[in-house]
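Residue numbers (our numbering), protein chains in the order written: chain A, 9 to 287; chain B, 5 to 317; chain C, 25 to 332.
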Amino acid sequence: MNFPVMKAFRHPIPALSALWLVLVILAAILADLSPYDYDIQALSEAYRSPSAAHWLGTDEFGRDLLTRLIHGARTSLSVSVTAIAISVACGMALGAAAAWFGGWFDRAVTVTVDLTWSFPEILIALILVAIIGPGTTGTMVAIAVAYLAQFTRLTRAQILTLKGETFIEAARSLGAGNTHILTRHLLPNALAPVLVSAMLATGDAIILEATLGFFGLGAQPPVPSWGGMMSAGSALIFKAPWIIIFPGLMVAVTVVAINLAGDALVASLDIKAKLRGPI
Amino acid sequence: MSLLQLADVSVSIGQVALLDRISLSVGKGEILGLVGESGSGKSLTALAAMGLLPLIGGRITGGAVAFDGQDMAAMTEVQRRSLRGRRIGFVSQNPMTALDPVTRIGAQIDVVSRLHLGLTRAQARARTVDLLTQLRIPEAATVAEAWPHQLSGGMKQRIVIAMALAGDPDLIIADEPTTALDVTVQAQIIQILGALVRERGLALLLITHDMGVVAQLCDRVAVLYAGRLAEEGPTAPIFAAPGHPYTRALIGCIPTEGMAKGALQGIPGTVPGALAFPSGCRFHPRCPQAQALCRAEAPQGNPACHFPGGADV
Amino acid sequence: MMSYLIKRVLMLVPVFLAVSVVIFAILHFIPGDPIDNLLKVGSSPQARAEMETRYGLDRPLPVQYAIWLGRVVTGDLGTAIVARRPVADLIAAALPHSLALGGLALLFSSVLGVVLGVVAALNRDGWADRAIMGGVLLGSTMPSFWLGLILMLVFSVGLGWFPVSGARGWSSLVLPVLTIGLGGTALVARITRVSMIEAAGRDFVLLLHAKGLSPLRIQLGTVLRHALIPVVTILALRIGWILGGAVTVEVVFARPGLGTLLIKSLSQHDYPVVQACLLMLAMAVMLGTLLGDILQAVMDPRVRASLS
Numbered sequence: 009m010n011f012p013v014m015k016a017f018r019h020p021i022p023a024l025s026a027l028w029l030v031l032v033i034l035a036a037i038l039a040d041l042s043p044y045d046y047d048i049q050a051l052s053e054a055y056r057s058p059s060a061a062h063w064l065g066t067d068e069f070g071r072d073l074l075t076r077l078i079h080g081a082r083t084s085l086s087v088s089v090t091a092i093a094i095s096v097a098c099g100m101a102l103g104a105a106a107a108w109f110g111g112w113f114d115r116a117v118t119v120t121v122d123l124t125w126s127f128p129e130i131l132i133a134l135i136l137v138a139i140i141g142p143g144t145t146g147t148m149v150a151i152a153v154a155y156l157a158q159f160t161r162l163t164r165a166q167i168l169t170l171k172g173e174t175f176i177e178a179a180r181s182l183g184a185g186n187t188h189i190l191t192r193h194l195l196p197n198a199l200a201p202v203l204v205s206a207m208l209a210t211g212d213a214i215i216l217e218a219t220l221g222f223f224g225l226g227a228q229p230p231v232p233s234w235g236g237m238m239s240a241g242s243a244l245i246f247k248a249p250w251i252i253i254f255p256g257l258m259v260a261v262t263v264v265a266i267n268l269a270g271d272a273l274v275a276s277l278d279i280k281a282k283l284r285g286p287i
Numbered sequence: 005m006s007l008l009q010l011a012d013v014s015v016s017i018g019q020v021a022l023l024d025r026i027s028l029s030v031g032k033g034e035i036l037g038l039v040g041e042s043g044s045g046k047s048l049t050a051l052a053a054m055g056l057l058p059l060i061g062g063r064i065t066g067g068a069v070a071f072d073g074q075d076m077a078a079m080t081e082v083q084r085r086s087l088r089g090r091r092i093g094f095v096s097q098n099p100m101t102a103l104d105p106v107t108r109i110g111a112q113i114d115v116v117s118r119l120h121l122g123l124t125r126a127q128a129r130a131r132t133v134d135l136l137t138q139l140r141i142p143e144a145a146t147v148a149e150a151w152p153h154q155l156s157g158g159m160k161q162r163i164v165i166a167m168a169l170a171g172d173p174d175l176i177i178a179d180e181p182t183t184a185l186d187v188t189v190q191a192q193i194i195q196i197l198g199a200l201v202r203e204r205g206l207a208l209l210l211i212t213h214d215m216g217v218v219a220q221l222c223d224r225v226a227v228l229y230a231g232r233l234a235e236e237g238p239t240a241p242i243f244a245a246p247g248h249p250y251t252r253a254l255i256g257c258i259p260t261e262g263m264a265k266g267a268l269q270g271i272p273g274t275v276p277g278a279l280a281f282p283s284g285c286r287f288h289p290r291c292p293q294a295q296a297l298c299r300a301e302a303p304q305g306n307p308a309c310h311f312p313g314g315a316d317v
Numbered sequence: 025m026m027s028y029l030i031k032r033v034l035m036l037v038p039v040f041l042a043v044s045v046v047i048f049a050i051l052h053f054i055p056g057d058p059i060d061n062l063l064k065v066g067s068s069p070q071a072r073a074e075m076e077t078r079y080g081l082d083r084p085l086p087v088q089y090a091i092w093l094g095r096v097v098t099g100d101l102g103t104a105i106v107a108r109r110p111v112a113d114l115i116a117a118a119l120p121h122s123l124a125l126g127g128l129a130l131l132f133s134s135v136l137g138v139v140l141g142v143v144a145a146l147n148r149d150g151w152a153d154r155a156i157m158g159g160v161l162l163g164s165t166m167p168s169f170w171l172g173l174i175l176m177l178v179f180s181v182g183l184g185w186f187p188v189s190g191a192r193g194w195s196s197l198v199l200p201v202l203t204i205g206l207g208g209t210a211l212v213a214r215i216t217r218v219s220m221i222e223a224a225g226r227d228f229v230l231l232l233h234a235k236g237l238s239p240l241r242i243q244l245g246t247v248l249r250h251a252l253i254p255v256v257t258i259l260a261l262r263i264g265w266i267l268g269g270a271v272t273v274e275v276v277f278a279r280p281g282l283g284t285l286l287i288k289s290l291s292q293h294d295y296p297v298v299q300a301c302l303l304m305l306a307m308a309v310m311l312g313t314l315l316g317d318i319l320q321a322v323m324d325p326r327v328r329a330s331l332s
């Protein structure tokens with residue numbers, strides 16, 4: 009294969025990151041094949057430290073931690089990925105419309121986006137979850153809204169840059185209409201940087217999802233999520249620290265992998281490293 | 005005796021060879037014009053002469069650069085640094101980006117004389133104001149307190165020249181000093197540079213792509229094409245009878261008075277990139293008189309042409 | 025400069041109004057009624073209506089907003105419905121803790137972040153660069169509450185160096201500051217490094233080399249100065265982040281502060297307190313952007329020139 013994208017993963021660090029991500033995604037998809045059931049309680053097995061039978065130990069109800077981590081991957085990943093997908097779709101539409109139509113609409117969008125962007129995502133998400141109510145849906149919507157500003161900003165900037173370029177002028181002079189230019193020329197060209205930044209934002213979203221879960225606002229028991237597991241584990245940190253250590257490591261390693269793989273993509277696609285900065 | 009001498013200097017960045025056995029020399033009171041189109045390696049030659057190639061990841065792979073008879077490769081980095089600014093002044097291409105936007109004009113010039121001549125703050129400022137006055141900048145003391153963005157392009161280029169002169173150098177390397185300026189300002193800057201050489205007996209290496217400027221100002225000319233020297237020698241004979249077809253083409257690009265309409269010629273094609281230098285004579289794909297020999301074998305000598313003067317055509 | 029300052033401060037007024045509307049509106053979308061928390065189970069509808077009248081909750085929303093805004097502007101933040109104390113008192117009790125934590129975390133992450141960013145930029149692509157950027161990335165990908173708990177486990181429980189939680193004395197600040205600061209360090213280090221590398225490639229830096237200045241002097245004297253302009257701007261924008269983003273860390277370490285107050289009042293549906301907390305954070309954000317603009321003007325004469 010000769011795609012430049014493949015080249016990015018020839019070096020060991022991006023390759024390992026991609027491998028880890030593939031493993032986590034596979035675990036999320038095939039979670040039902042895990043050796044134990046995620047919500048079968050066996051109090052006699054509670055608080056077991058890591059052993060051959062329970063590789064990562066058991067929690068306060070005697071549930072296998074590895075099993076719950078794998079099922080947690082399903083919850084955390086699906087919530088984060090869906091939320092970011094919604095955010096990207098809405099952000100691109102909003103950003104493209106703002107850049108394309110300009111005028112008061114553009115100004116209104118810009119001001120709103122700048123204001124929300126100055127607020128920490130966790131605060132926006134906390135308040136939204138308070139409005140919508142806790143659970144996976146609430147978390148998803150909250151994360152989507154929290155990152156909306158970022159994608160609107162980026163798409164708007166991309167479209168504004170592209171708008172002045174020659175090939176757009178050419179298309180226009182050939183008689184192409186607004187919708188045609190926007191959907192066939194501008195959005196596809198703005199897509200690559202937005203997608204890469206969406207990938208990096210998915211990492212942040214996983215952390216945000218875990219934080220909401222930690223506050224007890226994410227997926228509700230007995231459905232496991234990484235944040236929910238850490239929430240339960242935080243009370244037991246002195247008694248059974250492994251309950252909180254492993255989900256946290258899972259989050260950290262996965263987000264590091266997303267960042268490293270994303271950086272490799274940025275380098276291979278020759279997208280300016282700037283896009284990841286909040287400038 | 006020549007002040008700056010490059011002997012068969014080859015330069016690479018990474019694995020890519022960019023300059024191939026360049027030889028030139030400039031003596032005191034002499035102006036050498038180094039000409040060529042963009043991408044021919046002129047700026048690289050300037051960096052090599054100042055020992056600044058490492059800044060862009062480049063290195064000298066062959067030959068030697070000597071300043072005042074001393075091999076620069078044999079010097080320590082500190083010794084080379086004490087040449088830059090002190091004995092070699094540098095004037096860069098774009099005055100709009102050559103000055104630090106957040107430092108006042110005067111301070112940017114003062115730093116050179118304070119560093120190299122050991123002047124105090126007050127002495128350095130007096131010297132700076134004096135230099136600016138010599139460069140015909142009105143209200144020099146006020147200008148020294150100004151910020152770069154408050155000056156015009158021509159003024160900024162004079163400031164850059166003042167920075168180059170502040171260490172009282174023997175050699176000035178000017179890399180396309182007029183390219184970014186308006187035509188009227190270009191003439192002033194060229195005039196200033198010419199006067200410096202006459203009045204102070206400086207050596208000047210003037211990098212340019214403008215054959216008109218060379219004809220007007222330079223004692224000697226060196227023509228660079230795709231990282232190789234095409235021709236080198238005193239200006240007048242070369243302009244009278246250019247030996248290399250590329251030199252001839254460059255001279256053909258100068259508009260002159262009374263020229264017939266349509267007589268002004270361009271050179272077809274562009275300078276090849278370093279990754280795709282042609283075989284043999286690197287000019288052959290664009291040369292009107294290229295023969296089989298030109299494609300096969302790189303010409304040696306000066307002019308570096310198998311058929312100098314176009315004799316056989 | 026002075027007229028710019030005045031203009032810039034006046035520009036904050038419409039933004040403040042917009043933010044206050046949003047905050048007021050959002051709060052009334054939150055389901056759940058604070059009155060429910062106050063009434064005993066089985067209270068009569070009359071008692072409920074009486075209570076609503078007492079807190080002005082029976083009036084139309086725009087009227088409630090106008091009354092609220094009028095009071096806020098005069099410094100009266102109302103009375104907490106659940107805590108039954110003036111909201112201003114609650115805020116005044118929480119704010120110093122938030123400022124101490126946020127300020128120290130900001131200081132910590134700027135100093136450490138700039139130093140790490142400079143070292144990484146000077147050793148670009150070398151082992152020090154890789155190690156620093158790798159470490160910084162790791163630090164920024166750990167959820168802050170988790171990092172806080174792990175630090176607590178190691179340093180408070182394991183080594184016994186710092187108190188586990190609470191806000192008594194300076195030693196109780198160490199771990200929370202570290203927890204928040206490490207995340208910020210990553211951001212500052214990354215921006216410092218990128219802007220240093222970008223600034224080092226500018227034309228005037230080449231000219232400094234041609235003047236014979238030593239590379240270290242050029243890097244620390246000129247390149248760093250240019251690199252700090254974006255860093256300072258972003259740090260100023262982050263003031264709101266540091267105060268608001270401390271929510272999780274305050275909860276983990278059971279520290280009083282705006283974050284804990286916000287979370288608690290949010291779960292109790294105590295509108296006046298939530299509104300006041302959000303308003304405080306919004307004002308911090310606005311002051312941050314103002315500070316950022318001013319610092320930029322101080323550091324860059326071109327910005328100053330474009331103002332007048």
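Beta carbons are placed, not taken as given, at the ideal position from N, Cα and C, and that holds for glycine.
I'd like the list of long-range same chain contacts for Phe17 of chain A, defined as Cβ closer than 6 Å, with 5 residues on each side in sequence excluded.
Ala23 and Ala26
Please list the terminal residues of the continuous alpha helix (DSSP H) segment that includes Pro241 of chain B.
Here the alpha helix (DSSP H) through Pro241 of chain B covers Thr239 to Ala244.
Asp294 of chain C in three-state terms, based on DSSP
coil
Contacts of Gly4 of chain B in chain C (Cβ-Cβ under 8 Å)
Nothing about residue 4 of chain B can be reported from this structure: the residues present for chain B run from 5 to 317 only.
Give the single residue among A:His79, A:Ala269 and A:Ala157 whose Cα lies nearest to the Cα of Lys104 of chain A.
Per the sequence shown, the amino acid found at residue 104 of chain A is Ala instead of Lys. The shortest Cα separation from Ala104 of chain A among A:His79, A:Ala269 and A:Ala157 belongs to A:Ala157.
Is it true that the CB of Met258 of chain A sits closer than 9 Å to the CB of Gly80 of chain A?
Contact: yes.
Count the other C-beta atoms from every protein chain shown that fall within 10 angstroms of the C-beta of Phe311 of chain B, then say buried if there are 16 or more, exposed otherwise.
buried
Hey, is Ser133 of chain C's beta-carbon within less than 9 Å of any beta-carbon in chain F?
Of the chains in the structure shown, none is chain F; the protein chains are A, B and C.
Once the 5 residues before and after Ile35 of chain B are set aside, which same chain residues still bring their CB inside 7 Å of it?
Val201, Leu208, Leu210, Leu221, Cys222 and Asp223
Taking 9 Å as the threshold (beta carbon to beta carbon), is Ser88 of chain A in contact with chain C?
Closer than 9 Å: no.
Report yes or no: is there a C-beta of chain C within less than 9 Å of the C-beta of Ala289 of chain A?
Since the first residue of chain A shown is 9 and the last is 287, residue 289 of chain A is not available in this structure.
Identity of the residues DSSP links to Ala207 of chain B by a beta bridge
B:Leu175
Which residue wins for smallest C-alpha separation from Ile78 of chain A, given the options A:Gly111, A:Cys98 and A:Leu31?
A:Leu31
So, with DSSP's three-state summary, where would you put Ala302 of chain B?
coil
Chain-order list of residues whose beta-carbon lies under 8 Å from that of Met100 of chain B (same chain, five-residue window excluded)
Gly157, Lys160 and Ala184
Taking just the CA atoms, how far does Gly55 of chain B sit from Ile81 of chain B?
In the sequence under discussion, the amino acid at residue 81 of chain B is Glu, which differs from the Ile named in the question. Cα to Cα, the separation comes out at about 9 Å.
Closer than 9 Å to chain B by CB, Ile318 of chain C
no
Run through the DSSP bridge pairs and tell me what Ala68 of chain B is partnered with.
BP columns for Ala68 of chain B point to B:Ala11.
Under 9 Å between C-beta atoms, does Ala329 of chain C make it to chain B?
yes
Pick from A:Val137, A:Trp108 and A:Asp122 that is closest to Ile363 of chain A, judged by C-alpha positions
This structure does not reach residue 363 of chain A, given that chain A is present from 9 up to 287, and the question cannot be answered.
To which residues of the same chain is Gly171 of chain B closer than 6 Å at the C-beta, ignoring the five residues directly before and after it?
Gly89, Arg90, Val116 and His120
Measuring alpha carbon to alpha carbon, tell me which of C:Ala49, C:Lys235 and C:Gly102 ends up nearest Gln112 of chain B.
C:Lys235
Terminal residues of the alpha helix (DSSP H) in which Phe169 of chain C lies
Ser168 to Leu175
Would you check if the segment 235-249 of chain C and the segment 209-225 of chain C touch, i.e. whether three or more CB-CB distances between them fall below 8 Å?
yes
According to the neighbour-count rule (16 or more other Cβ atoms, all chains shown, within 10 Å of its Cβ), is Lys31 of chain C buried or exposed?
Here Lys31 of chain C is exposed. Its C-beta has fewer than 16 other C-beta atoms within 10 Å.
Using beta carbons (cut-off 9 Å, strictly below), is Val317 of chain B in contact with chain C?
Here Val317 of chain B scores only 41 on pLDDT, less than 50, and its place in the model is too uncertain to base an answer on.
Using three-state DSSP, classify Ser42 of chain B as helix, strand or coil.
coil
With 9 Å set as the bound, which would you pick, yes or no: does the beta-carbon of Phe169 of chain C sit closer than that to a beta-carbon of chain B?
Judged by the 9 Å Cβ criterion, Phe169 of chain C is not in contact with chain B.
Integer-rounded CB distance, given that Val133 of chain B should sit under 8 Å from Ala145 of chain B
5 Å
Where the beta strand (DSSP E) containing Phe228 of chain C begins and where it ends:
No beta strand (DSSP E) holds Phe228 of chain C; the alpha helix (DSSP H) holding it covers Asp227 to Ala234.
The segment 117-131 of chain C contacting the segment 275-293 of chain C, beta-carbon criterion three pairs below 8 Å:
yes
9 Å Cβ cutoff, Gly18 of chain B in contact with chain C
no
Grouping DSSP H, G and I as helix and E and B as strand, with all else coil, what is Met9 of chain A?
Here Met9 of chain A scores only 38 on pLDDT, less than 50, and its place in the model is too uncertain to base an answer on.
Does any C-beta atom of chain C lie closer than 9 Å to the C-beta of Met159 of chain B?
no
Identify the contact partners of Leu31 of chain A in chain C, using a Cβ-Cβ distance below 9 Å as the criterion.
Under the 9 Å cutoff, chain C gives no residues; its nearest Cβ is about 17 Å from Leu31 of chain A.
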